[in-house]
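Undergrad:
Chains as they are written, first to last, in the numbering used here: chain A, 1 to 533; chain B, 534 to 1066.
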């Protein structure tokens, strides 16, 4: 069988003869599907990096209208190709075609690309600051170096290395992208890259601005991640893989934005359970098993009070979990990792209420509930907050608010933390101290809804303290903030107006918001040229 | 002689018996001066970290008025104590008392503290973003962990670990600070810490919010820098020390903002030299020898064209450098390092025009000019852009613009890059390509002035690409941007108004600028409560 080409240096490049290759697998059957894709060689990685570096300055200097045109055209092409893309992604991931891929994720992906186009066009990510008296002007600017993006297994569109939020952010900041597809969905990634490649040509941008690699040996990956020609790295995936790449990048001084792992603790306060426990069990079950629980923000740890309302909630959840069909996981690796995590949690004292085993054809795993007392949890908090990626949650049963606070204090960094409280105010006394304890541990503090909804909003933070991500000051979702990860701060000191970037010139190119002498304004500078005389 | 106490856990703590100690040295004589200061022990470091961690939540929750009151009171106390502080700093650093310490650096330090107070009070560093429809609100928030700050030798006030820009920034973001004084000016640092300690009490802030250590063994320093209880590290100093601390911090996922080294290239275009070469030689000489050249932004590398105007410029500069008195360096270590760097540059082919030797009492070094052809530079660009910290510059003689461009392309990351061009437009053809080549290599691009002036402005970037700093997206000078280094991004998702931080509530607490649904506004939310209903 022919091995598919990679997108390198602006062309679809045939694989080297005798290259290693791999095929996608239908997770619902465990059978290999589709064509063979190459394991990329050191020469191919070098060619990708060299050609991306060669166009970095050109891309940085490209008119923003072209950058925006590319992102818009790409979004449009994805919509036009939706049926094919959804079929490919469904086959490679077993995610529901209509309700998830076509109905939610593909539109979200296109929306992200268009918001990135908007951010490129309106310069909002550049945060222009002008000090007219001091003759100083600064903004966020392109890195002038390629961004290497590693996509995760769990969003074949919305976090795809060649179409997702990291991709859109890096391109909006006018940086070339070297996309490393997740090997669990190579055909989906290839199809997206084909559309991106054509959209680049349509927008008259350098065709080496977007490249696609499928897979490489981890030693080569670490070498690439530590190559000083890179401007930054975006990664979504496992903690193990993320930390190894981060270490390589750190040694070379390359900013690495890694989204790694999170158990996303949820606190169910007693009043909320008394008031609407049955409904909350439903919410919890739906959130934890959607997409077979393979979300970064899956509610993997629930703190539930002892007592009748807590017991009833657990009973309701148990009924739902036990009655549900096994969830299909993305790969044998995910299945094995989940099984290892569940086993480890049990070894550390968690009791299995239901599930905890694989089931049937392909990579299926039963929805799983584990339970442990807060007292036992607090003896081994590190081991018991291990992420179990899949339709799995650990219930931590707390005697009182004090124990809940102690559990909150024991958490490492997480993407999200959630508090459910009674509408009638019953829980209010416990709420404030719990919110205070949870706040510094999480990127997003949520009330009365499950963490799995990550809205694409300028006020979103899809990020959190280490080790949920590598940089607690940045979000991976939400424009324009996500763009700023792939930017450098540039200052101009008494530089002639004609040599300034558009958004810092006296004449405001598009009524963009600029912080001028301490005030946000969108007009031209009144004293044209005064600061650069 | 008694060994001085350290400020640990809110108290001046006597040194351990039999602790190692050291004394400051008058750099103009090489004689030890003042009392003995302790080399801090592992127990003391642990006590500092534990007590700072214990007050981190309290400080994060402190009213901003108290934070601002502390910073203002501290600035006021420094001004009142100016005579003593200047005398101490002059004795320990040999920097000129009137023209530098009293006239420039002390006022600048107080101004920074007051601008930090203003940033704390007006929440400008928190960058509030509100999405009313989505129920999402986000801002930059305190780290809820201590910040460890390493001060440099070259600014006993303005970058002092217990009074400078890093300190002011970390406190403005409501984080406790563990200050590691530079051991070349322990008495100055102690005096500042005494004032800070009293100002904390005056402002009713936890007294463990500011701590002072003087010195510790490097193994202990690396252990501290890698302790996960830390929220961040600020460092100004050598590349060697900075990279070692960064590696320790990286392994623990601690953000480390290191300002390390920079040669700050300056390009003298032919027209500028023909027009005002003699004046430029004066400017260059003054900038390069001021403070004995011990500035992060010292012009350490000048690209000068071949030909008559270039030769005349070099001749004029040579006369000034050769006729100037030796500069006093801060320490034997600085002297030895400078001598080693100058020797290395000569070994790689640079020719000494003047200087390149120590001179007389104390740590004196002759103002030094080295020269090399661009052609030779381009053969060993890495070795020839080695920083020589002191009154020293390397002249790189270029045949034409092409050679200048090649030299610019060979630079690693620098804090600044400067272009001098003719007023009459003669240089304009060369200017644009040179500016383009230099731009991605530097944090601040400057025209027609020396880089040593680092204005405290919101549009300043005192930062630059690796390895001049560790994070090209952040500045160490300029409020409120410098504050954001010591902050985490926090999002609130449908959180009740009363549980929100002040600057994200419906009612705008102080008419602060907030990005509400895409527009900057400073009023209350019209639909009070709608997003949190």
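Don't be surprised by glycine CBs; every beta carbon is placed ideally from N, CA and C.
As the structure is a prediction and not an experimental result, all values here were calculated from the model.
Assign residue 958 (chain B) to one of two classes, buried (16 or more other C-beta atoms within 10 Å of its C-beta) or exposed (fewer than that).
TA: It is exposed - the Cβ of residue 958 (chain B) has fewer than 16 other Cβ atoms within 10 Å.
Undergrad: When DSSP labels each residue in this structure, what does residue 80 (chain A) get in the three-state scheme?
TA: Three-state DSSP puts residue 80 (chain A) in a helix.
Undergrad: Does the beta-carbon distance from residue 299 (chain A) to residue 284 (chain A) come in below 8 angstroms?
TA: Contact flag set, yes.
Undergrad: Tell me which residues share the same chain as residue 1076 (chain B) and place their Cβ nearer than 8 angstroms to its Cβ, disregarding the 5 neighbours each side in the sequence.
TA: Residue coverage of chain B in this structure runs from 534 to 1066, which leaves residue 1076 (chain B) outside it and unanswerable.
Undergrad: Quick one: Cα of residue 44 (chain A) to Cα of residue 4 (chain A), how far?
TA: Between residue 44 (chain A) and residue 4 (chain A), the C-alpha separation is close to 14 angstroms.
Undergrad: Using a Cβ-Cβ cut-off of 8 angstroms, state whether residue 1023 (chain B) counts as contacting chain A.
TA: Output row for residue 1023 (chain B): interface = yes.
Undergrad: For the alpha helix (DSSP H) holding residue 169 (chain A), just list the boundary residues, first then last.
TA: Its alpha helix (DSSP H) spans residues 165 to 172.
Undergrad: What residue from B:1020, B:651, B:665, B:573 has the CA that sits closest to residue 748 (chain B)'s CA?
TA: Taking only the C-alpha atoms, the option nearest residue 748 (chain B) is B:573.
Undergrad: For a cutoff of 8 angstroms on Cβ pairs, would you count residue 125 (chain A) as touching chain B?
TA: With 8 angstroms as the cut-off, residue 125 (chain A) does not count as an interface residue toward chain B.
Undergrad: Could you check what DSSP says for residue 13 (chain A) in three-state terms: helix, strand or coil?
TA: If DSSP states are grouped into helix, strand and coil, residue 13 (chain A) belongs with the strands.
Undergrad: Which residue comes first and which comes last in the beta strand (DSSP E) that contains residue 792 (chain B)?
TA: Per DSSP, residue 792 (chain B) belongs to the beta strand (DSSP E) from 789 to 792.
Undergrad: Counting only Cβ-Cβ distances shorter than 8 angstroms, please list the residues of the segment 971 to 983 of chain B near chain A, keeping chain order.
TA: Of all residues in the segment 971 to 983 of chain B, 972, 973, 976, 977, 978, 979, 980, 981, 982 have a Cβ within less than 8 angstroms of some Cβ in chain A.
Undergrad: If residue 788 (chain B) sits next to residue 471 (chain A), beta carbons under 8 angstroms apart, how far is it from one beta carbon to the other, in whole angstroms?
TA: Confirmed, Cβ separation roughly 7 angstroms.
Undergrad: If you compare alpha carbons, which of A:149, A:249, A:443 is closest to residue 209 (chain A)?
TA: When each option's Cα is compared against that of residue 209 (chain A), the closest is A:149.
Undergrad: What's the C-alpha gap between residue 315 (chain A) and residue 395 (chain A)?
TA: Going from the Cα of residue 315 (chain A) to the Cα of residue 395 (chain A) covers about 12 angstroms.
Undergrad: Is it buried or exposed for residue 294 (chain A), if we count other Cβ within 10 angstroms and need 16 for buried?
TA: Residue 294 (chain A) comes out buried.
Undergrad: With 16 as the cutoff for other CB atoms within 10 Å, does residue 15 (chain A) come out buried or exposed?
TA: By the 10 Å Cβ count, residue 15 (chain A) comes out buried.
Undergrad: Please list, in chain order, all residues of the same chain as residue 120 (chain A) whose beta carbon is under 6 angstroms from its beta carbon, the five residues on each side excluded.
TA: Hits under 6 angstroms: 64, 67, 68, 172.
Undergrad: Give a yes or no on whether 8 angstroms exceeds the smallest Cβ distance from residue 985 (chain B) to chain A.
TA: Closer than 8 angstroms: no.
Undergrad: For the segment 772 to 781 of chain B against the segment 750 to 762 of chain B, are there 3 or more C-beta pairs whose distance is under 8 angstroms?
TA: Yes: the two stretches touch, three or more of their Cβ pairs being nearer than 8 angstroms.
Undergrad: I'd like to check one pair, residue 813 (chain B) with residue 806 (chain B): are the Cβ atoms closer than 8 angstroms?
TA: Yes; because the gap between Cβ atoms is below 8 angstroms, this pair is in contact.
Undergrad: Out of A:95, A:333, A:323, A:379, which one is the CA nearest neighbour of residue 155 (chain A)?
TA: Comparing Cα-Cα distances from residue 155 (chain A) to each of A:95, A:333, A:323, A:379, the minimum goes to A:95.
Undergrad: Give the interface partners of residue 423 (chain A) over in chain B, defined as CB-CB distance under 8 angstroms, in chain order.
TA: The premise fails here: residue 423 (chain A) is roughly 11 angstroms from chain B at the closest Cβ pair, so nothing lies under 8 angstroms.
Undergrad: Return yes when the Cβ of residue 390 (chain A) is within less than 8 angstroms of the Cβ of residue 558 (chain A), no when it is not.
TA: There is simply no residue 558 (chain A) to check, as chain A begins at 1 and stops at 533 in what is shown.
Undergrad: For chain A, find out if any of its Cβ atoms is closer than 8 angstroms to the Cβ of residue 735 (chain B); answer yes or no.
TA: Not one chain A Cβ lies under 8 angstroms of residue 735 (chain B).
Undergrad: On the premise that residue 321 (chain A) lies in contact with residue 369 (chain A), defined as a C-beta separation below 8 angstroms, what is that separation, rounded to the nearest angstrom?
TA: About 5 angstroms; that satisfies the 8 angstroms criterion.
Undergrad: Could you compute how far the alpha carbon of residue 702 (chain B) sits from the alpha carbon of residue 84 (chain A)?
TA: Residue 702 (chain B) and residue 84 (chain A): Cα-Cα distance of roughly 52 angstroms.
Undergrad: Should residue 991 (chain B) be flagged as near chain A, meaning a C-beta pair shorter than 8 angstroms?
TA: Closer than 8 angstroms to some Cβ of chain A, the Cβ of residue 991 (chain B) qualifies, so yes.
Undergrad: Identify, in the order they occur along the chain, each residue of the same chain with its Cβ nearer than 7 angstroms to the Cβ of residue 859 (chain B), setting aside the five sequence neighbours on each side.
TA: The answer, listed in chain order, is 892, 893, 897, 898, 899.
Undergrad: Looking at C-alpha atoms only, which residue of A:461, A:286, A:57 is the closest neighbour of residue 324 (chain A)?
TA: Of the candidates A:461, A:286, A:57, the one whose C-alpha sits nearest the C-alpha of residue 324 (chain A) is A:286.
Undergrad: With residue 1052 (chain B) as the anchor, note down where its alpha helix (DSSP H) starts and where it stops.
TA: Unbroken run through residue 1052 (chain B) is the beta strand (DSSP E), 1052 to 1054; no alpha helix (DSSP H).
Undergrad: Quick one: Cα of residue 87 (chain A) to Cα of residue 97 (chain A), how far?
TA: Going from the Cα of residue 87 (chain A) to the Cα of residue 97 (chain A) covers about 7 angstroms.
Undergrad: Taking one C-beta from the segment 1028 to 1037 of chain B and one from the segment 654 to 664 of chain B each time, how about it: are there three or more such pairs within less than 8 angstroms?
TA: Taking 8 angstroms as the limit for Cβ pairs, the verdict is that the segment 654 to 664 of chain B does touch the segment 1028 to 1037 of chain B.
Undergrad: Please work out which residues of its chain come closer than 7 angstroms, Cβ to Cβ, to residue 55 (chain A), disregarding the five sequence neighbours upstream and downstream, and give them in chain order.
TA: Around residue 55 (chain A): 176, 206, 208, 209.
Undergrad: Using a Cβ-Cβ distance cut-off of 8 angstroms, determine whether residue 493 (chain A) contacts chain B.
TA: With 8 angstroms as the cut-off, residue 493 (chain A) counts as an interface residue toward chain B.
Undergrad: Helix, strand or coil: which one does DSSP assign to residue 817 (chain B)?
TA: The answer is helix: DSSP assigns residue 817 (chain B) an H, G or I state.
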